[in-house]
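Chains A and B, in that order, give the protein sequences. Start counting the first sequence at 11; every next residue gets the next number (this note's numbering). Start counting the second sequence at 11; every next residue gets the next number (this note's numbering). Here a beta-carbon is modelled for each residue, glycine too, at the ideal position from N, C-alpha and C. Remember, predicted model here, so these are calculated numbers, not experimental data.
Protein chains: 2
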Amino acid sequence: MFNIAVAQSGGPTAAINASLTGVFNGAEQEAQVDEIYGAENGIEGIINDRLLNLRSILMDEHDKQLLMTTPSTILGSCRFKLKDWHEDDSDYRKIAETFSRHNIRAFFYIGGNDSMDTVMKLHSYFTEKGIDIKVVGVPKTIDNDVTETDHTPGFGSAAKYVAATLQEIIRDSRVYSIPSVTIVEIMGRDAGWLAASSCVLRANGEPAPHLIYLPEGEFSPEKYLNDVKQAQLRYKAVIVAISEGVSAGNGVSSEIVDAFGHKYLSGIGKWLEEYTKDHIGCKVRSIELNVMQRCSSHIASLTDLLEAERIGREAVKSALVYGASGVMMCFHRLSNNPYRVEITTADITKIANQEKKFPREWINQEGNNVTVDALNYFLPLIQGEPKLEYRNGIPIHFRLDQ
Amino acid sequence: MFNIAVAQSGGPTAAINASLTGVFNGAEQEAQVDEIYGAENGIEGIINDRLLNLRSILMDEHDKQLLMTTPSTILGSCRFKLKDWHEDDSDYRKIAETFSRHNIRAFFYIGGNDSMDTVMKLHSYFTEKGIDIKVVGVPKTIDNDVTETDHTPGFGSAAKYVAATLQEIIRDSRVYSIPSVTIVEIMGRDAGWLAASSCVLRANGEPAPHLIYLPEGEFSPEKYLNDVKQAQLRYKAVIVAISEGVSAGNGVSSEIVDAFGHKYLSGIGKWLEEYTKDHIGCKVRSIELNVMQRCSSHIASLTDLLEAERIGREAVKSALVYGASGVMMCFHRLSNNPYRVEITTADITKIANQEKKFPREWINQEGNNVTVDALNYFLPLIQGEPKLEYRNGIPIHFRLDQ
Numbered sequence: 011m012f013n014i015a016v017a018q019s020g021g022p023t024a025a026i027n028a029s030l031t032g033v034f035n036g037a038e039q040e041a042q043v044d045e046i047y048g049a050e051n052g053i054e055g056i057i058n059d060r061l062l063n064l065r066s067i068l069m070d071e072h073d074k075q076l077l078m079t080t081p082s083t084i085l086g087s088c089r090f091k092l093k094d095w096h097e098d099d100s101d102y103r104k105i106a107e108t109f110s111r112h113n114i115r116a117f118f119y120i121g122g123n124d125s126m127d128t129v130m131k132l133h134s135y136f137t138e139k140g141i142d143i144k145v146v147g148v149p150k151t152i153d154n155d156v157t158e159t160d161h162t163p164g165f166g167s168a169a170k171y172v173a174a175t176l177q178e179i180i181r182d183s184r185v186y187s188i189p190s191v192t193i194v195e196i197m198g199r200d201a202g203w204l205a206a207s208s209c210v211l212r213a214n215g216e217p218a219p220h221l222i223y224l225p226e227g228e229f230s231p232e233k234y235l236n237d238v239k240q241a242q243l244r245y246k247a248v249i250v251a252i253s254e255g256v257s258a259g260n261g262v263s264s265e266i267v268d269a270f271g272h273k274y275l276s277g278i279g280k281w282l283e284e285y286t287k288d289h290i291g292c293k294v295r296s297i298e299l300n301v302m303q304r305c306s307s308h309i310a311s312l313t314d315l316l317e318a319e320r321i322g323r324e325a326v327k328s329a330l331v332y333g334a335s336g337v338m339m340c341f342h343r344l345s346n347n348p349y350r351v352e353i354t355t356a357d358i359t360k361i362a363n364q365e366k367k368f369p370r371e372w373i374n375q376e377g378n379n380v381t382v383d384a385l386n387y388f389l390p391l392i393q394g395e396p397k398l399e400y401r402n403g404i405p406i407h408f409r410l411d412q
Numbered sequence: 011m012f013n014i015a016v017a018q019s020g021g022p023t024a025a026i027n028a029s030l031t032g033v034f035n036g037a038e039q040e041a042q043v044d045e046i047y048g049a050e051n052g053i054e055g056i057i058n059d060r061l062l063n064l065r066s067i068l069m070d071e072h073d074k075q076l077l078m079t080t081p082s083t084i085l086g087s088c089r090f091k092l093k094d095w096h097e098d099d100s101d102y103r104k105i106a107e108t109f110s111r112h113n114i115r116a117f118f119y120i121g122g123n124d125s126m127d128t129v130m131k132l133h134s135y136f137t138e139k140g141i142d143i144k145v146v147g148v149p150k151t152i153d154n155d156v157t158e159t160d161h162t163p164g165f166g167s168a169a170k171y172v173a174a175t176l177q178e179i180i181r182d183s184r185v186y187s188i189p190s191v192t193i194v195e196i197m198g199r200d201a202g203w204l205a206a207s208s209c210v211l212r213a214n215g216e217p218a219p220h221l222i223y224l225p226e227g228e229f230s231p232e233k234y235l236n237d238v239k240q241a242q243l244r245y246k247a248v249i250v251a252i253s254e255g256v257s258a259g260n261g262v263s264s265e266i267v268d269a270f271g272h273k274y275l276s277g278i279g280k281w282l283e284e285y286t287k288d289h290i291g292c293k294v295r296s297i298e299l300n301v302m303q304r305c306s307s308h309i310a311s312l313t314d315l316l317e318a319e320r321i322g323r324e325a326v327k328s329a330l331v332y333g334a335s336g337v338m339m340c341f342h343r344l345s346n347n348p349y350r351v352e353i354t355t356a357d358i359t360k361i362a363n364q365e366k367k368f369p370r371e372w373i374n375q376e377g378n379n380v381t382v383d384a385l386n387y388f389l390p391l392i393q394g395e396p397k398l399e400y401r402n403g404i405p406i407h408f409r410l411d412q
């Protein structure tokens, strides 16, 4: 008998807790696993020996069901980059001590690109030192920018939220008889996946968003103005979806000075709002979907949550049954329609600190929308709605503390 | 046999189309009603004779079911104030002509305080001129600031969205181990009802939002800082809900100058974010819930939608069966638990251009939260979830055009 540990890292999503549930479920199925520990605040909780015994927290199926549909990370998260252990191994030694102290033989780290750096370094350290502890990464990020995997848990729920919300904003934008432009800024630092996913509304015959701009395309304010004017010939209320990672380009400043004398850069959405007002002069509004994109579990994708649970469960099997370590769990898509995926593993060195961009060939020729291939890629990921439990009219969240 | 007309006015909500459905259902039940017309863009559609025949649009129960759960106004809206007809009756004459041309004997106007001004003036004009056309107001607004009625359709759904979203933001704000302040700015120009409604999370044991500020209370930045510091003694992630109508007070400017040289006032949330950073120095974030508050039908309150339909239906009955005119339909609450309301009418002159503030006695002594009486008032309004129809993973909206 031995124990295992799991931790969550990076920005929140609506599906990380589902992957945590999956790791727990996977470990429960392995007879040789005794305790299942959750570390608080990612790898920091391992370094500082702050572990929770998950068997005493997830008492029954109902607890697990609630956890599946609770957004963000019940264990907390961190933004912590391990140093190169050849230069400074102090944190590595603390980690090894924590694992040794609690007889932990496998560690599962749920996170994105940066977190996979931790998996890679820990695996390298343990291998070098001859310490037999399996380290397996479980992907998550709403940005969908992790390499080797078809997509990442958390992305489908974010995409479903963006689509449902954008559809409502479209309805809202059409009420008055005057022409208008509504600009919706969507998360995704350097990769445009989430903004691109707003194209799914097309599947239901919705022509909006009429324009979609991604960091992977070229963007120029002049071209944008022309695109909007063209769209205005057909649509009274023009809807623009733009990835936060799009830059307004050379020589264009989005600097703002507030009443406190603080200078900061506005988001591209706010910048475009002012730019559009200046150059077109109609009613213009910009909307930031903000953190709601990453935590709106009340409109999560059931496909996403079930896949997140499954990939967490498979991670445990791959480590404990097949002896995998230094890998990240991946989805490999077999077909779009019917949608079928299998779960595989990939060498962590191919993933850590890499970034998967939205394919250039899925951007249309005009650089202001995406192709039907993109639509077919996105659609399966947003299917299905989890059954939520409500109390007093509000979804119940699984909470550890206040 | 005669015809009736209905129009929608003011800002969108998730429940206006439910009231439209209710007017339609009510008219269908009256044997003397032939056609049921919907005017485009509120009273402007009556003035300009732009009418849609709703019987040819709402063909069956399925259409009506979809319309019930479609946000915003399918007929479009307007912000149009009729002139005093003693001074200029040109629009009134056009309205009377449209009604006469189409044999319309009753007009139902779904809107807020400003729209009730139209109901009042039209009723006064028709009475004076001896024209027998009933004019009845049907309330709607997410602001809940209409007098004479216990609450307004649209408010409950907005409150449910705010509560569900705030709960998710609370989860999101708690992931890192550092202290933080999250400020959520909530709609409500001069009345704090919607921001106050965020207290409903308390019913599920959630202590956040820890601080709630309303325009009906006094607000000073110094007092706010002290409140936050007190909250930080107990909570790592402090959550502040603030109504957009709260003013930062005398001598405080929230002026922003952007890269285009435009000057504008930031929202109170953004202003407080910078103020908090300056004076406390921890991680601070402000979030605007923006138009999503008024159009998020995917998390509408079933109670709200059913009441919105019912009050629209009753409006038709009150005009056609009881001969009411120059009135607005009202909810009169009989009890909180069990929740029971009856529908009444009130003289439109008591409502038009008035505003119902959040009760001062429901604000706590410290002026930074609300009382249990407020909680008991809000809770019934957010109960229940409509069954939504999804296609391709996205709720289906009822659409007239693109």
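N27 (chain B): beta carbon under 7 Å from a heavy atom of the ligand PLP?
-> Looking at this structure, you won't find the ligand PLP or any other ligand, since it has none at all.
Would you verify that the beta carbon of F229 (chain A) is, or is not, closer than 8 Å to some beta carbon of chain B?
-> Taking 8 Å as the threshold, the shortest C-beta distance from F229 (chain A) to chain B does not fall below it.
Nearest-angstrom Cα distance between T128 (chain A) and F165 (chain B)?
-> 47 Å
In this structure, what does DSSP give as the bridge partners for C340 (chain B)?
-> B:T354
Three-way DSSP call (helix, strand, coil) for V210 (chain A) in this model | helix
Report yes or no: do three or more beta-carbon pairs, one from the region 316 to 336 of chain B and one from the region 179 to 192 of chain B, lie closer than 8 Å?
-> The region 316 to 336 of chain B is not in contact with the region 179 to 192 of chain B.
Ignore the nearest five residues each way along the sequence and tell me which others in K104 (chain B)'s own chain have a CB closer than 6 Å to its CB.
-> I57
Among the residues of its own chain, which have a CB less than 6 Å from the CB of D59 (chain B), if the five just before and after it don't count?
-> The beta carbon of D59 (chain B) sits closer than 6 Å to those of T108, all from its chain and outside the five residues before and after it, given in chain order.
Contact list for T80 (chain A) against chain B, beta-carbon separation under 8 Å = R181
Y332 (chain B): buried (16+ other C-beta within 10 angstroms of its C-beta) or exposed?
-> exposed
Is the beta carbon of K366 (chain B) sitting closer than 8 Å to the one on D124 (chain B)?
-> no
Bounding residues of the alpha helix (DSSP H) (the contiguous stretch that carries F34 (chain B)) = I26 to E38
Look at the alpha carbon of I180 (chain B) and the alpha carbon of D288 (chain B), and state the distance between them as a whole number of angstroms.
-> 23 Å
Output yes or no for whether 8 Å exceeds the beta carbon distance between K91 (chain B) and T31 (chain B).
-> At the C-beta level, K91 (chain B) and T31 (chain B) stay beyond 8 Å of one another.
How about V146 (chain B) and A318 (chain B): are their beta carbons less than 8 Å apart?
-> no
Do the region 397 to 404 of chain A and the region 232 to 239 of chain A touch if we need at least three Cβ pairs shorter than 8 Å?
-> no
Does the count of Cβ pairs from the region 352 to 369 of chain B and the region 334 to 343 of chain B closer than 8 Å reach three?
-> Verdict: yes, contact present.
Report the residues of the region 286 to 308 of chain A with a CB closer than 9 Å to any CB of chain B, ordered along the chain.
-> K287, D288, R295, I297, E298, L299, N300, V301, M302, R304, C305, S306, S307 and H308
So what does L62 (chain B) bridge to, in DSSP terms?
-> B:G48
Measuring alpha carbon to alpha carbon, tell me which of B:H220, B:D153, B:A169 and B:L77 ends up nearest F368 (chain B).
-> B:D153
Going along chain A, which residues have a C-beta under 9 Å from T175 (chain B)?
-> M302, C305, S306 and H308
Can you find a C-beta in chain A that's less than 8 Å from the C-beta of P348 (chain B)?
-> Taking 8 Å as the CB threshold, P348 (chain B) stays off the interface with chain A.
Going by Cα to Cα distance, which pick from B:P163, B:D182 and B:I141 is closest to N300 (chain A)?
-> Nearest C-alpha to N300 (chain A): B:D182.
Taking V294 (chain A) as the reference, give the member of A:M302, A:Y135, A:R304 and A:E283 with the closest Cα.
-> V294 (chain A) has its Cα closest to that of A:E283, out of A:M302, A:Y135, A:R304 and A:E283.
Reducing DSSP to helix, strand and coil, say where A251 (chain B) ends up.
-> In the structure shown, A251 (chain B) sits in a strand (DSSP, three-state: E or B).
List in chain order: all unbroken alpha helix (DSSP H) runs of 4+ residues lying wholly within the region 154 to 216 of chain A.
-> 165 to 183 and 203 to 206
Quick one: which residues of the region 372 to 397 of chain A get their C-beta closer than 9 Å to a C-beta of chain B? List them in chain order.
-> L389, P390, L391, I392, Q393, G394 and E395
Exposed or buried, what is D70 (chain B) when buried is set at 16 or more other beta-carbons lying within 10 Å of its beta-carbon?
-> exposed
Proximal residues, the region 84 to 97 of chain A versus chain B, C-beta separation under 8 Å | G86, S87, C88 and R89
What is the residue span of the beta strand (DSSP E) that S230 (chain B) lies within?
-> Membership of S230 (chain B) in any beta strand (DSSP E) is not indicated, and neither H nor E is assigned to it by DSSP.
Have a look at the DSSP bridge pairing and note the partners of I373 (chain A).
-> A:V380
Residue range of the beta strand (DSSP E) that V294 (chain A) falls in?
-> K293 to E298
In its own chain, which residues sit with a C-beta less than 7 Å from the C-beta of E97 (chain B), not counting the 5 before and 5 after it?
-> Once the five neighbours on either side are set aside, E97 (chain B) has no close Cβ partner at all.
What do you reckon, are the CB atoms on P149 (chain A) and D314 (chain A) nearer than 8 Å?
-> Contact: no.
Beta-carbon contacts of L62 (chain B) that lie in its chain and below 6 Å, excluding the five residues immediately before and after | G48
Determine the extent of the beta strand (DSSP E) in which Y135 (chain A) is found, giving its start and end residues.
-> That residue, Y135 (chain A), is in no beta strand (DSSP E); its alpha helix (DSSP H) goes N123 to K139.
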